[in-house]
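Position 232 of the sequence shown, counting from 1, maps to 1433 under the numbering used here, and the rest follow consecutively.
Heads up, the thing below is written out as structure tokens.
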Amino acid sequence: MENRIIPYGKQNITEADVAVVIEALKSDYLTQGPKILEFEQNFAKYVGAKYAVALSNGTAALHLCALALDVKEGDKVITTPITFAASANCVRYCGGEVIFGDIDPKTYLLDINSVKNLLEASPKGTYKGIIPVDFGGRAVDLEEYKKLADEYGLWIIEDACHAPGGYFVDSKGEQQFCGNGEFADLSIFSFHPVKHIASGEGGIITTNDESLYHTLLALRTHGIIKDENRYTNSIEFAGGKDQYPLWYMEMQTLGYNYRITDFQAALGNSQLQRADEGVARRREIAAIYNKAFESTTYVKGQSGVVDGHAYHLYVIEVEDRLGLYNYLRTKNIFAQIHYIPCHLMPYYREFGWKEGDRIHSETYYKNCISLPMYPTLTQEEQQYVIDSINEYYSK
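Below, the structure written as structure tokens:
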């Protein structure tokens, strides 16, 4: 086992995946073809949303969400410090101001009470939106966030990159799947190799808002549309007589080239067919970790069964995190740290953020470590990880 590398996350590419990519490569379309719409429709159905827009990556998805919701210079948006930097950076791309809340130390999610405190401390209208993150695969209770957003006139972008197939249970006892559009204005997912669905790179936005959907389609492709029902120039200007000519298109806003390719969409489609199977396996792995560490004194954090958790990550908190991290690497176990608090990154320190500002996030960072978590992790490999952790703390 010591000669086998065990990463914290890993893609699973099957022969079926390879076959669909080859088929796409041999087709007439490498980009802007039928596989993209097929993937969008299938993904929207999977999460229960009306619309989906596939993009080049999750960061592009966040950027377009901020643009579509008209984030501009000076707009204040609340998010969590415990996330990948892109969750906050999308606000800065548009000139907005990022205000970090703090996390709930039990769930690691953005603490709604922290958000309430920020909102109550300023006049209504001070803040424009909230970007909660389904960190590690645990779904945020967006029903509660929606109530708060409605009270203060805020929009919600759900960063669900970690949580396709995840859900929370609402006040009626119903499962609300991440990205279904019931409570968030827009939700985003990532298809980076370590995510549940891998397409090399890639991302997607889901929504139930038709107007936002059309805005996103234009922003994805340079702000250009090809829809005669939405043109503003006249038929005569376009060069037609009774109708717009087939070649005509309009750039109606400043957009970007954030398109995904057909072969990436084909791979995403293939992976999507195994999505439920992958989430089920992740929950099995989590249950084994839970049982292995439930009676230890040196491991805390994840414990018990969490309904709807999609387990992109399995995070524990330990003392002597550095020592454990280095010891595991000697065993070829490549655990990871998720995440360095965003507000203490040098870039965000320039805006006045400092140590002590978000104490729960900072305490979490000092102790957190993500263990190997991916569907192809074998029982033997997982037991080796567990035994190695126990060995380190039994010294």
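C-beta atoms are modelled at their ideal positions from N, C-alpha and C, and glycine is treated no differently.
All of these numbers come straight from a predicted model, not from anything done at the bench.
Classify residue i as buried or exposed, calling it buried when 16 or more other Cβ atoms lie within 10 Å of its own Cβ.
i, result
"Asp1351", "exposed"
"Phe1438", "exposed"
"Ala1287", "buried"
"Gln1465", "buried"
"Ile1206", "exposed"
"Met1452", "exposed"
"Ala1253", "buried"
"Asn1318", "exposed"
"Tyr1368", "buried"
"Ile1223", "exposed"
"Gln1212", "buried"
"Val1322", "At residue 1322 the sequence reads Ala, which differs from the Val that was named. With fewer than 16 Cβ atoms within 10 Å of its Cβ, Ala1322 is classed as exposed."
"Gln1233", "exposed"
"Thr1433", "exposed"
"Pro1573", "buried"
"Leu1529", "buried"
"Lys1396", "buried"
"Asp1218", "buried"
"Thr1416", "buried"
"Pro1446", "exposed"
"Ser1257", "buried"
Give the DSSP-derived three-state secondary structure of residue i in the structure shown.
i, result
"Val1292", "helix"
"Phe1285", "coil"
"Gly1210", "coil"
"Tyr1445", "coil"
"Pro1519", "In the sequence under discussion, the amino acid at residue 1519 is Val, which differs from the Pro named in the question. It is a strand residue."
"Gln1537", "strand"
"Asn1430", "coil"
"Ala1439", "helix"
"Ile1461", "coil"
"Gly1259", "helix"
"Asp1360", "strand"
"Ile1223", "helix"
"Lys1492", "helix"
"Glu1344", "helix"
"Lys1307", "coil"
"Tyr1585", "helix"
On a Cα-Cα basis, can you pick out the residue from the options that is closest to residue i?
i, options, result
"Val1272", "Lys1227, Thr1407, Ile1332", "Ile1332"
"Tyr1346", "Gly1337, Thr1280, Leu1473", "Thr1280"
"Lys1246", "Thr1408, Asp1303, Pro1306, Ile1304", "Thr1408"
"Thr1599", "Arg1522, His1513, Asn1491", "As shown, the chain starts at 1202 and ends at 1596. That puts residue 1599 outside it, with no answer to give."
"Lys1277", "Thr1232, Tyr1328, Gly1249", "Tyr1328"
"Val1221", "Asp1463, Glu1429, Pro1365, Val1480", "Asp1463"
"Gly1275", "Gln1474, Gly1296, Ser1589, Ala1467", "Gly1296"
"Gly1366", "Asp1477, Ser1391, Tyr1540", "Asp1477"
"Val1370", "Glu1383, Ile1358, Leu1355", "Glu1383"
"Ser1595", "His1510, Gly1479, Asn1527, Thr1498", "Thr1498"
"Leu1473", "Gly1330, Lys1567, Ile1214", "Ile1214"
"Tyr1459", "Ala1481, Arg1421, Val1480", "Arg1421"
Alpha carbon to alpha carbon, how far is residue i from residue j?
i, j, result
"His1561", "Leu1311", "10 Å"
"Ile1237", "Lys1251", "16 Å"
"Pro1235", "His1544", "41 Å"
"Gln1584", "Pro1208", "14 Å"
"Val1299", "Val1334", "14 Å"
"His1393", "Asn1243", "18 Å"
"Gly1553", "Phe1301", "12 Å"
"Val1516", "Ile1313", "21 Å"
"Val1341", "Gly1259", "18 Å"
"Glu1423", "Tyr1414", "Per the sequence shown, the amino acid found at residue 1423 is His instead of Glu. Cα to Cα, the separation comes out at about 15 Å."
"Glu1241", "Glu1216", "23 Å"
"Cys1362", "Ile1436", "42 Å"
"Lys1532", "Val1586", "9 Å"
"Asp1410", "Ser1315", "28 Å"
"Cys1569", "Gly1469", "31 Å"
"Ile1538", "Leu1525", "12 Å"
"Ala1419", "Asn1381", "22 Å"
"Glu1556", "Pro1547", "12 Å"
"Tyr1457", "Lys1427", "16 Å"
"Val1248", "Lys1325", "33 Å"
"Ser1496", "Asn1591", "12 Å"
"Ile1304", "Met1450", "46 Å"
"Ser1308", "Gly1338", "At residue 1308 the sequence reads Thr, which differs from the Ser that was named. Rounded to the nearest angstrom, the two C-alpha atoms are 11 Å apart."
"Ile1398", "Pro1282", "25 Å"
"Val1507", "Glu1582", "24 Å"
"Glu1203", "Arg1522", "21 Å"
"Lys1501", "Ile1405", "34 Å"
"Glu1518", "Ser1391", "26 Å"
Any contact between the segment 1477-1491 and the segment 1568-1581? By contact I mean 3 or more CB pairs, one from each, below 8 Å.
yes
If we count Cβ pairs, one from each stretch, closer than 8 Å, do we get three or more for the segment 1373-1390 versus the segment 1222-1236?
no
Contact between the segment 1441-1461 and the segment 1289-1306: three or more CB pairs below 8 Å?
no
Any chance the segment 1378-1391 sits against the segment 1259-1273, with 3 or more Cβ pairs inside 8 Å?
yes
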